[in-house]
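Colleague:
Residue numbers (our numbering), protein chains in the order written: chain H, 1 to 419; chain Z, 1 to 419.
#1: Hey, would you say residue 253 of chain Z sits closer than 8 Å to residue 225 of chain Z, going by beta carbons?
#2: Kindly indicate if chain Z contains any beta-carbon less than 8 Å away from that of residue 293 of chain H.
#3: On the DSSP bridge list, what partners appear for residue 133 of chain H?
#4: How far does the beta strand (DSSP E) with residue 301 of chain H in it extend, from its first residue to its last?
#5: For chain H, is any of its Cβ atoms less than 8 Å away from the one on residue 400 of chain Z?
#6: Among residues of its own chain, excluding the 5 on either side of residue 390 of chain H, which ones have a beta-carbon nearer than 7 Å to its beta-carbon?
#7: Taking only beta carbons into account, state which residues of the stretch 157-185 of chain H come closer than 7 Å to chain Z, listed in chain order.
#8: Could you pull the start and end residues of the beta strand (DSSP E) that residue 383 of chain H belongs to?
#9: Alpha carbon to alpha carbon, how far is residue 40 of chain Z from residue 360 of chain Z?
#10: Pairing CB atoms from the stretch 193-201 of chain H with CB atoms from the stretch 50-64 of chain H, are three or more of them under 8 Å?
#11: Quick one: list the residues of chain H neighbouring residue 256 of chain Z, beta-carbon separation under 7 Å, in chain order.
#12: Find the nearest neighbour of residue 155 of chain H within the set H:114, H:137 and H:13, judged by alpha-carbon distance.
#13: Step through the CB atoms of chain H and report whether any lies within less than 8 Å of the CB of residue 102 of chain Z.
#14: Using the beta-carbon of each residue, which ones in chain Z are nearer than 8 Å to residue 272 of chain H?
#15: Going straight from the alpha carbon of residue 229 of chain H to that of residue 109 of chain H, what length do you get?
#16: Please list, in chain order, the chain H residues whose beta carbon lies closer than 7 Å to that of residue 143 of chain Z.
#17: Distance cutoff 8 Å, beta carbons only. Does residue 288 of chain Z sit that close to anything in chain H?
#18: Leaving out five residues before and five after residue 47 of chain Z in sequence, what residues of the same chain have Cβ atoms less than 7 Å from its Cβ?
#19: What separation, rounded to the nearest whole angstrom, lies between the Cα atoms of residue 42 of chain H and residue 364 of chain H?
#20: Residues in the same chain with beta-carbon distance under 6 Å from residue 327 of chain Z, minus the five sequence neighbours each way, listed in chain order, please.
#21: Per DSSP, residue 367 of chain Z forms a beta bridge with which residues?
#22: Does the beta carbon of residue 259 of chain Z come closer than 8 Å to any beta carbon on chain H?
#23: Answer with buried or exposed for residue 278 of chain Z, where buried requires no fewer than 16 other C-beta atoms within 10 angstroms of its C-beta.
#24: Since residue 288 of chain Z is in the alpha helix (DSSP H), which residue starts that stretch and which ends it?
#25: Could you tell me whether any Cβ in chain H is nearer than 8 Å to the Cβ of residue 153 of chain Z?
#26: How is the alpha helix (DSSP H) around residue 274 of chain H delimited, first residue to last?
#27: Rank Z:111, Z:107 and Z:182 by C-alpha distance to the C-alpha of residue 217 of chain Z and give the top, closest one.
#28: Are residue 259 of chain H and residue 296 of chain Z closer than 8 Å when you measure CB to CB?
#29: In the DSSP assignment, what residue or residues form a beta bridge with residue 340 of chain H?
#30: Enumerate in chain order the residues of its own chain whose CB-to-CB distance from residue 264 of chain Z is below 6 Å, with the five nearest sequence positions on each side excluded.
#31: Quick test of the definition: if touching needs 3 or more C-beta pairs under 8 Å, does the stretch 169-182 of chain Z touch the stretch 113-133 of chain Z?
#32: Does the CB of residue 324 of chain Z have a neighbour CB from chain H at under 8 Å?
#33: Less than 8 Å between the C-beta atoms of residue 333 of chain H and residue 379 of chain H, yes or no?
#34: Could you spell out where the alpha helix (DSSP H) holding residue 113 of chain Z opens and where it closes?
#35: When the cut-off is 8 Å and only beta carbons count, does residue 124 of chain Z lie next to chain H?
#36: Within 10 angstroms of the Cβ of residue 25 of chain Z, are there 16 or more other Cβ atoms? Answer buried if so, exposed if not.
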């Protein structure tokens, strides 16, 4: 009876009260496993965390002291709904590195670019609307689009990024079904999870198709400045300003703990973004915005991005060389920047089903299914090399190879015994 | 022609793309005026800003240094979707001051309590659902409920807070109309904008009605610890844990620039809040959470709250004595804590229509209409005394009296000339 009592307490007495959109919030199937992953003996290739230890803390201490000396009272007060004016001016310099020429008036600072995307989705998506996205696409974006009850239509994407022909096909298909396409979401540089970059010659083609079809583009670019050898092609936003909403972030070029990102949007959309932000948050944190503003004003932030580039390039090399050594027969993307490899498993292996075995072998990754809104992706997995040391990346991929090879052996045994 | 060209550019080419909920985002009618208010010659009684200059900056410097020394890498990294464990434990101590006994597992740290309320509204409100709220009610809450297309039903509220009898009447009325009531939203202590406190004997009555009618209560309590003479009655949440979601904030007892608040909710709602937060933001800022956690661990935060109490009490006294001196015939609430007076104007004066005249006289306030979701409130205005000095409060209220007296004289002249 005491047990029964306890169960009764755990029931949800408000089950009949939730809004329809609350039903869209599902616990990730792999979430439970990830609590195991934080154990030190597990090499996690799952994360997606930047290696913030490469950021010298004295740079931050200086930014903190300068900020409090110069504008301490403003830093701890409410600020404007659009974000700090000086920080927005500095962001213009950052975006200019990728060819973007914009007005400070059209920028909105957000609580991480995730919240920028959440607000955009809220502004545009009614139930059943279509979002076009790369296949695979960023798991956090898929979660948001689902939450706003949209249909996610993945567009075929290869080593040069999204295929313009496939984009046109997907648009035609959606139109034939009478569906309303609200926008195209894409991560053109070192995409999460694929690691691929949209090639320079495909960019104007994608743009032209969207312009002709009157489809808004959401260009999400958290990794663009983290290239290894040569800069990425100019941003889509550098070629058009009316049809593109551009999202940027300090999470990867500085640190994610501040939760500061930004959105550059055409004026009418920007106005609505500011109102949405005032409604949802009143204003973004003055404190974290001004810390970053001081850092940009006084620290060698370009040199720091170079440092990050060096760290991630070394880790990418470690990951690719371990793949070559331990899993030479598997196809993987070869990123020119960013955090991720996208690995194709032998046919018949399901990366989600295999994950518990991998965690038992003390290595973790993210199964491909996380990056598709349509239930596919079983044959792929994402390796994130940004956080573990090169040595641990090697150990992790060796363990991964053990798991995959065991699976392959088992499959062959069964298939032989079936003959 | 160049002008026409410019107008064309300003048109919104995405007008046909927005979601239905985007229509609910309206620019505040008084917003344009408020840009004028920031001029130094204007005494603003409009704001709602805490007086953060009363917080010694060395307390923050110590918190920053301790944080970076002890957990610098965690502070700038992504954190969990529920918020920092240690901060959540410390929040329990804070809530215990108002009689709340809770588990750290049921707390979610949010980006200000505004975002907690936004997420709750998103979890519960479908179009046309009813939210019960005090009349008047917090402008930021009204904005959120409107954004989720809810109907806001104001419940009669007097100097002892919301009337239980009126609550029952409102419930009966909504039920008779076949409407679905999703929750009761209230600010029981030194409410924004009325300044009134829900009396101790009404609290169990409100609770009992909601329990019987199966209506969830959202208890929003940013001001409770800022009492002037004696502590507030125990929180509603101290008397019930299944039917109440409790919102708290560091914006008024520490500083709003951090954007840190919290939500205490029954387990099933808490689970959904964490998922909603992960979807919207990934996680709240580790940096600002850990700053506050260090501050709570090492600074005399209770002494600091006493300091704030002293500041606000002095300003409330200045405001009431200026009201007594310059506007002796007007009815005003007499708050026992918090930031606000609620003033009833002579019949026939419209506070929104009068605002431009007041700004011309170099004083600003917030018109009563901002605090009603039903278009009423013209006869009231909110005076916020938290930010200006006592001397400026006196100057501001004197100017306000000039404007009101001129209006009254005009009315009398017209009414005499009409005889």
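Ideal Cβ placement from N, Cα and C applies to all residues, glycine included. A quick note: this is a predicted structure, and the numbers were derived from the prediction, not measured.
Modeller: This is what the structure gives:
#1: Yes; because the gap between Cβ atoms is below 8 Å, this pair is in contact.
#2: Taking Cβ atoms only, chain Z never reaches closer than 8 Å to residue 293 of chain H, which makes this a no.
#3: H:154 and H:185
#4: Premise fails: residue 301 of chain H lies in the alpha helix (DSSP H), 301-326, not in any beta strand (DSSP E).
#5: Output row for residue 400 of chain Z: interface = no.
#6: Only residues of its own chain outside the window of five on either side were considered, and among them 314, 315 and 318 have a CB closer than 7 Å to the CB of residue 390 of chain H, listed in chain order.
#7: Cβ contacts with chain Z: 182.
#8: 380-384
#9: 13 Å
#10: No, they do not touch.
#11: For residue 256 of chain Z, the chain H residues whose Cβ falls inside 7 Å of its Cβ are 77 and 78, in order along the chain.
#12: H:137
#13: Closer than 8 Å to the CB of residue 102 of chain Z there is not a single CB belonging to chain H.
#14: 18, 22 and 25
#15: Computed Cα separation, rounded: 30 Å.
#16: 279
#17: By this cut-off, residue 288 of chain Z is an interface position.
#18: Excluding residues within five positions, the ones whose Cβ falls inside 7 Å are 384 and 387.
#19: 7 Å
#20: 401
#21: DSSP lists Z:381 as partners of residue 367 of chain Z.
#22: yes
#23: buried
#24: Note, residue 288 of chain Z: alpha helix (DSSP H), 286-298.
#25: no
#26: 267-281
#27: Z:182
#28: no
#29: Answer is H:384.
#30: 102, 106, 107 and 246
#31: yes
#32: no
#33: no
#34: 112-124
#35: Yes, its Cβ sits closer than 8 Å to a Cβ of chain H.
#36: buried
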